[in-house]
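Engineer: Quick note: the sequence shown uses the numbering used here, first residue 73, plus one each step. Before I ask anything, here is the structure I am working with.
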Amino acid sequence: MTYIHFIVLDVIFFNILHAHAFVGSQFAQNISPGTRIFASIEEPEVILSEHVVSLRKPMGIILEGDESNLAAGVFVKRMDPQGQTAAACRSDPSGFDICIRDKVMFVNGVDVSQDSLESIMELIIDGPNTVEIVLGRPSDAAVVRWTNGISIAAKPGDSFGCIARHEALIKIPYSCASGACGTCEQSISSEDEEFRQYIRPCVARVPGGVPIIIVNPSDRFGTPLP
Ligand code: FES
């Protein structure tokens, strides 16, 4: 999927906050998260499960959309590890359920699932200081939570090393890069207490059938992550 347009929300909110006084307000009450079928050019039919997050501005996230394919929608592309959203996710991971790759479905009660990035930005900028967003996530995604608060809605089979470096913005130290030495080793757990494994991200892939994967430092080898 090739995206050609993205906007850093922090920068925009910083500027706008100097021009307008945002006040709190009631959100529209017609948000009804559930599941829906979402079609795009690349993936003709994906079932998205929806969930709601309330994020304060500046949110510290980057959204991205493709102007040439508005029907594909707008997605969460990046999260600032130092931003408010990542901090909230660190302190309350289940309360702030937002992942890189989530699709923006509603903003403050307005269906934006096939809107342009610009129109979504207008809604956010002109709205109250706390933004209520319904996010859609493929129902077969594995949420991989990293130690810096950033989570990725990964596909089973994705490389742990690639999503750590390019999406969670975590640099894992490597040595052999072939799974042999243990330098990069971490452990993973899940909400199921019986699920606990060691992974070597240089070679490890996201397993299927585990909805939430929490990355922790290994107690054997490896280097603790930030
Ligand atoms: S770098 Fe050696 S096991 Fe990953």
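The beta carbon of each residue, even a glycine, is placed where N, CA and C say it ideally should be. Since we're looking at a predicted model, the values are computed, not measured.
Between which residues of its own chain and Ile284 is the CB-CB distance below 6 Å, once the five residues before and five after are set aside?
Structural biologist: The residues are Val215, Ser262, Glu263.
Engineer: Taking DSSP's pairing of strands, which residues face Met151 in a bridge?
Structural biologist: Answer by DSSP bridge pairing, in chain order: Ile133.
Engineer: Identify which residue in Pro153, Asn180, Val184 has its Cα closest to the Cα of Lys243.
Structural biologist: The candidate whose alpha carbon is nearest that of Lys243 is Pro153.
Engineer: Taking 7 Å as the limit, name every residue whose beta carbon sits nearer than that to some heavy atom of the ligand FES, in sequence order.
Structural biologist: That query returns the following residues: Tyr246, Ser247, Cys248, Ala249, Ser250, Gly251, Ala252, Cys253, Gly254, Thr255, Cys256, Glu257, Arg272, Pro273, Cys274, Val275.
Engineer: Helix, strand or coil: which one does DSSP assign to Ser262?
Structural biologist: The answer is coil: DSSP assigns Ser262 none of H, G, I, E or B.
Engineer: Just how far apart, CA to CA, sit Trp218 and Ser188?
Structural biologist: The straight-line gap from Cα to Cα measures roughly 30 Å.
Engineer: Spatial neighbours of Gly294 within its chain, please: C-beta separation below 7 Å, excluding the five flanking residues on both sides.
Structural biologist: Cβ within range, chain order: Gly254, Thr255, Cys256, Glu257, Gln258.
Engineer: In angstroms, rounded to a whole number, what distance separates the CA positions of Val146 and Ile172?
Structural biologist: Roughly 11 Å between the two C-alpha positions.
Engineer: So, helix, strand or coil for Asp183, using DSSP?
Structural biologist: In the structure shown, Asp183 sits in a strand (DSSP, three-state: E or B).
Engineer: So what does DSSP say about Leu241, is it helix, strand or coil?
Structural biologist: Coil, per DSSP.
Engineer: Fully enclosed by the stretch 198 to 249, which beta strand (DSSP E) runs are 3 residues long or longer?
Structural biologist: For the stretch 198 to 249, whole beta strand (DSSP E) runs of length 3 or above, ordered along the chain, are 202 to 210, 214 to 217, 223 to 226.
Engineer: Is the separation between the beta-carbon of Leu135 and that of Lys149 shorter than 8 Å?
Structural biologist: Their beta carbons are under 8 Å apart, which means Leu135 touches Lys149 by this criterion.
Engineer: Are the Cβ atoms of Ala236 and Cys274 separated by less than 8 Å?
Structural biologist: No. Outside cutoff.
Engineer: Drop a sphere of 10 angstroms on the beta-carbon of Val95, count the other beta-carbons inside from all chains shown, and report buried for 16 or more, exposed for fewer.
Structural biologist: At Val95, the pLDDT of 22 sits below 50, so the modelled position is not reliable and the matter cannot be decided from this model.
Engineer: Report back the beta-carbon spacing between Ile196 and Val179 to the nearest angstrom; my notes put them in contact at under 8 Å.
Structural biologist: Between Val179 and Ile196 the Cβ distance is about 6 Å, and since that is below 8 Å, they are a contact.
Engineer: Could you tell me the alpha carbon to alpha carbon distance between Pro228 and Pro279, rounded to whole angstroms?
Structural biologist: Each residue's alpha carbon lies about 5 Å from the other.
Engineer: Go ahead and pull the three-state DSSP assignment for Arg162.
Structural biologist: Residue state, collapsed to three classes: helix.
Engineer: By Cβ distance below 7 Å, which residues in the same chain neighbour Tyr246 in space, the five residues on each side in sequence not counted?
Structural biologist: Result list for Tyr246: Thr255, Cys256, Cys274, in chain order.
Engineer: Between which two residues does the beta strand (DSSP E) holding Leu120 run?
Structural biologist: Element bounds for Leu120: 118 to 128.
Engineer: Starting from Val287 and walking both ways along the beta strand (DSSP E), at which residues does that stretch end?
Structural biologist: Note, Val287: beta strand (DSSP E), 284 to 289.
Engineer: Who are the near neighbours of Ser185 in its chain, counting only those whose CB is closer than 6 Å to its CB and skipping five residues on each side?
Structural biologist: Excluding sequence neighbours, Ser185 sits near Gly145, Met177.
Engineer: Could you check which residue in Glu266, Leu142, Gly221, Phe168 has the C-alpha nearest to that of Glu190?
Structural biologist: Among Glu266, Leu142, Gly221, Phe168, the Cα nearest to that of Glu190 belongs to Leu142.
Engineer: Any heavy atom of the ligand MN closer than 7 Å to the beta-carbon of Ala252?
Structural biologist: Among the ligands in the structure shown, the ligand MN does not appear; only the ligand FES can be found there.
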